[in-house]
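Under our numbering, residues 5 to 321 are what the sequence shown spells out, in order.
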Amino acid sequence: MRLDKPEVDKRETEVGEHRGQETKTERQLHIFVNRQKFDKNQNVKSHMTVDEIAQLVGLTAETAVVRRSNDERNDHGSPLSGTVEVEDCEQFLVVRKAVKGGHGHEEKKLEPLHIFVNRQRFDESQGVKPHMTVDEIARLVGLTAETAVVRRSNDAVDDHSPPLSGTLEVEDCDQFLVVRKAVKGGHGNGSRIEAELALLRGSGQVVEYVPGPPGVVIYKALPVTGQRSPLASTDVMVPVSPGFPAAMLDRAALPADSPLLGRVRGAVQEEIVVGGRRWKLVSYHPHNGGGAEPWNPQVHGFHSYIREVLSWLGDLQ
């Protein structure tokens, strides 16, 4: 006599399989908070309180506002409260709340915790938090704890303080100096250049590196802010100096047919061709008497030279 398997067993099997799928999904679940990735190892789960999300970056629901964000730099989403459903790869922005100023009669906005690494400002939206590892600090400027030495600095150029290690307590406006363990000169230091350009790409700047010799970097669609400019934006090419990074970056080039030639400061010089595109070099020397600080290979690079180029485009004749 044949006995059919009870229907309830089938349902239990289906429920078990469903639970197994849920468990698998939850194991894979990860989110981004202030551009940092968190997963189950940091207690990410399918339903989280706002306080749990805030605590991932060292804050709490009492001290911070938590919002969903598609862009991490957009802080216009509605503040969240209570328990929220969390989906895979979801992004959240956590910023400190406004606090009462002085005598409590008016509110004063508390800026996000920020620090300076190699004279560049970084805040909570870029991963700064009250406690950071040396590796996390080094990665802010495209390096790691294995490839760089991290020190505290009062002026961001002092390299005589003891090297740091492990996890550090970070205070607002702390300054750090991150330098490579070995700085090598020579043509086409591609790994260093790519690391510097990665910082720019991370902030949304489109940039291209064309190896040489002579190598060049092309900043794409930079805004032209000078008065009566005939263009809203332009590409700018900067050659890799022989001996970079020990040798300073110098000069800049505009497309050969650019109406900005003769309007930007500096004499128009020779023409060069890169990838079939013609460029005119201009004698612009920001780090050699042109208004910028003296070149420091431990601090400066293509990630900082863009500031000088933007200033150049904002000072038309």
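Just so you know, even glycine gets a beta-carbon here, dropped at the ideal spot from N, CA and C.
Given the structure is predicted, the values throughout are model-derived calculations rather than measurements.
{"query": "Starting from the C-beta of His-135, find all residues in its chain whose C-beta is less than 8 Å away, skip the five residues before and the five after it, and write them out in chain order.", "result": "Gly-62, Thr-171, Leu-172, Glu-173 and Val-174"}
{"query": "Under 8 Å Cβ to Cβ from Val-228, same chain only, skipping five residues before and after it: list those, please.", "result": "Leu-235, Ala-236, Ser-237, Thr-238, Leu-264, Leu-317, Gly-318 and Leu-320"}
{"query": "Would you list the one or two residues that DSSP bridges to Leu-172?", "result": "Met-136"}
{"query": "If you run the structure through DSSP and keep just helix, strand and coil, what is Tyr-223?", "result": "strand"}
{"query": "Using only CA atoms, which one of Gln-124, Asp-176, Asp-127 and Val-183 lies nearest to Glu-150?", "result": "Val-183"}
{"query": "Confirm, please, whether the CB-CB distance from Val-242 to Val-272 is below 8 Å.", "result": "no"}
{"query": "Gly-86 to Asp-55, Cα distance in whole Å?", "result": "8 Å"}
{"query": "Put His-289 into one of helix, strand or coil per three-state DSSP.", "result": "coil"}
{"query": "Any idea what DSSP makes of Trp-316, helix, strand or coil?", "result": "helix"}
{"query": "In this structure, what does DSSP give as the bridge partners for Pro-259?", "result": "Trp-283"}
{"query": "Report the rounded CA-to-CA distance for Ser-233 versus Glu-212, giving the unit in angstroms.", "result": "25 Å"}
{"query": "Kindly indicate which three-state DSSP category Arg-311 falls into: helix, strand or coil?", "result": "helix"}
{"query": "Within the continuous alpha helix (DSSP H) that includes Arg-196, where are the two ends?", "result": "194–206"}
{"query": "Under a Cβ-count criterion, where at least 16 other Cβ atoms within 10 Å of its own Cβ denotes burial, should Glu-66 be classed as buried or exposed?", "result": "exposed"}
{"query": "Within 10 Å of its beta-carbon, does Asn-38 have 16 or more other beta-carbons around it, so buried, or fewer, so exposed?", "result": "buried"}
{"query": "Under three-state DSSP, which class holds Phe-306?", "result": "helix"}
{"query": "State the Cα-Cα distance for the pair Thr-53 and Ser-315, rounded to the nearest angstrom.", "result": "45 Å"}
{"query": "Starting from the C-beta of Leu-7, find all residues in its chain whose C-beta is less than 6 Å away, skip the five residues before and the five after it, and write them out in chain order.", "result": "The pLDDT assigned to Leu-7 is 47, lower than 50, so where the model puts this residue is not dependable; a value taken from the coordinates is nonetheless given after this. Within the same chain, Leu-7 has no close Cβ partners at all."}
{"query": "Please report the straight-line C-alpha distance between Leu-97 and Phe-126, rounded to a whole angstrom.", "result": "15 Å"}
{"query": "Is DSSP giving Arg-232 helix, strand or coil here?", "result": "coil"}
{"query": "Inspect the CB distances between the stretch 302–311 and the stretch 265–285 and report whether three or more fall short of 8 Å.", "result": "no"}
{"query": "Going by DSSP, what residue range makes up the beta strand (DSSP E) through Val-61?", "result": "Looking at the DSSP string, Val-61 is not in any beta strand (DSSP E), and its letter there is neither H nor E."}
{"query": "Could you tell me the alpha carbon to alpha carbon distance between Val-313 and Leu-144, rounded to whole angstroms?", "result": "22 Å"}
{"query": "Quick one: give me the first and last residue of the beta strand (DSSP E) that Asp-254 is part of.", "result": "That residue, Asp-254, is in no beta strand (DSSP E); it is neither H nor E in DSSP."}
{"query": "From Val-268 to Pro-290, what does the alpha carbon distance come to, in whole angstroms?", "result": "13 Å"}
{"query": "For Asp-127, write down the residues that DSSP places opposite it in a beta bridge.", "result": "His-118"}
{"query": "Does DSSP classify Asp-92 as helix, strand or coil?", "result": "coil"}
{"query": "Apart from the five residues just before and just after His-109, which ones in its own chain have a Cβ nearer than 8 Å to its Cβ?", "result": "In this prediction, His-109 scores a pLDDT of 40, lower than 50, which makes its location untrustworthy; the coordinate-derived value is nonetheless stated afterwards. Closer than 8 Å at Cβ, skipping near neighbours: no residue."}
{"query": "What residue does the beta strand (DSSP E) around Glu-274 start on, and which one ends it?", "result": "272–278"}
{"query": "If we define contact as Cβ-Cβ less than 8 Å, is His-51 a contact residue for chain D?", "result": "In the structure shown, chain D cannot be found, because there is only a single protein chain."}
{"query": "May I ask which residues mark the beginning and end of the beta strand (DSSP E) holding Ser-85?", "result": "First-last for Ser-85: undefined, no H or E at that position."}
{"query": "Can you tell me whether DSSP reads Gln-46 as helix, strand or coil?", "result": "helix"}
{"query": "Between the alpha carbons of Gly-293 and Val-69, how many angstroms are there, rounded?", "result": "46 Å"}
{"query": "Pull up the DSSP beta-bridge partners for Pro-243, would you.", "result": "Val-220"}
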